[in-house]
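First up is the structure itself, then whatever we jot down about it.
Chains as they are written, first to last, in our numbering: chain A, 1 to 109; chain B, 1001 to 1165.
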């Protein structure tokens, strides 16, 4: 266990912020470029995970366990969100025979 | 130290593959690998509870739910819908602008201290459980109501309406 904890001792906090920002941007780009509703949901999961990692890094950095408790709540929230969202996608697929989000543009106005 | 950079590279690589894979099943499989690298990040940070929860909940429950829904939909169409090229370019430029803004604001902060684990017991189940059930007892109970309502809502949405069928 000591070996593992020693490996992180030399990593600056900025590297974690940078990694999380890159993965969050990849999630944003994924939401924007795809039309498949399930892939869009997966990009949202990617963004949630990058935020989780950043919260954990800051929790370790400040020596405060509250950050990790927040990550726990975010994971519970993500599970609820995925369950409801996938149910909505299943309903949309049953009505339109497609999960292309451009079919849903009658919600636009 | 090198372990972190290698795992970070793998995370970015697999998350790019998630959004660029043509087949949605491949996207889900790459997403599993991405979440696995996140689990390794948590282990490197000595957040053992979160590593296990990430492994069980994300890689176990959520991705199986994704895969199951995708199998249920039987999307064996000739091609999945693709956006126009100029929209893709605009999206990449927009995301890149976001990234550049964040990175520039980090650079403006100047030198960054290293992430040092002061208390080795910080991420263990015993410590987190004490914090969770002392300070965050009310949010914990509220989240149980959230999960219950999400379960009821998902069943309500996904079942067919018997009157219309």
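The beta carbon of each residue, even a glycine, is placed where N, CA and C say it ideally should be.
As the structure is a prediction and not an experimental result, all values here were calculated from the model.
Next on the checklist: Between which two residues does the alpha helix (DSSP H) holding residue 1055 of chain B run?
Outcome noted: No alpha helix (DSSP H) contains residue 1055 of chain B, which DSSP labels as neither H nor E.
Item to check | 8 Å contact criterion, which residue 29 of chain A and residue 1019 of chain B should meet: CB distance rounded | outcome: 6 Å
Next on the checklist: Please identify, using Cβ separations under 8 Å, the residues of the segment 28–44 of chain A that lie next to chain B, in order along the chain.
Outcome noted: 28, 29, 30, 32, 33, 34, 35, 36, 38, 39, 41, 42, 43
Checklist entry - When DSSP labels each residue in this structure, what does residue 34 of chain A get in the three-state scheme? => result Taken through DSSP and simplified to helix, strand or coil, residue 34 of chain A comes out as strand.
Checklist entry - Does residue 1151 of chain B come within less than 8 Å of chain A when only Cβ atoms are used? => result yes
Checklist entry - Using a C-beta to C-beta distance shorter than 8 Å, which residues of chain B count as neighbours of residue 53 of chain A? => result 1038, 1041, 1042
Item to check | Extent of the continuous alpha helix (DSSP H) run through residue 1100 of chain B | outcome: 1085–1108
Item to check | CB-CB length for residue 1147 of chain B against residue 80 of chain A, believed under 8 Å | outcome: 6 Å
Item to check | DSSP three-state assignment for residue 1139 of chain B, whether helix, strand or coil | outcome: helix
Checklist entry - Along the segment 88–99 of chain A, what residues have a CB closer than 9 Å to any CB found in chain B? => result 88, 89, 90, 91, 93, 94, 98, 99
Checklist entry - Exposed or buried, residue 1135 of chain B, counting other C-beta atoms within 10 Å across all chains shown (16 or more means buried)? => result exposed
Checklist entry - What residue from A:92, A:18, A:45, A:102 has the CA that sits closest to residue 1159 of chain B's CA? => result A:92
Next on the checklist: I want to know whether the segment 1023–1037 of chain B touches the segment 1100–1109 of chain B - three or more CB-CB distances under 8 Å.
Outcome noted: Taking 8 Å as the limit for Cβ pairs, the verdict is that the segment 1100–1109 of chain B does not touch the segment 1023–1037 of chain B.
Next on the checklist: So residue 1014 of chain B and residue 1037 of chain B are supposed to be a Cβ contact under 8 Å. How far apart are they, rounded?
Outcome noted: About 7 Å separates the Cβ atoms of residue 1014 of chain B and residue 1037 of chain B, confirming a contact at the 8 Å cut-off.
Next on the checklist: Which same chain residues end up closer than 8 Å to residue 1062 of chain B when comparing Cβ atoms and leaving out the 5 residues on each side of it in sequence?
Outcome noted: none
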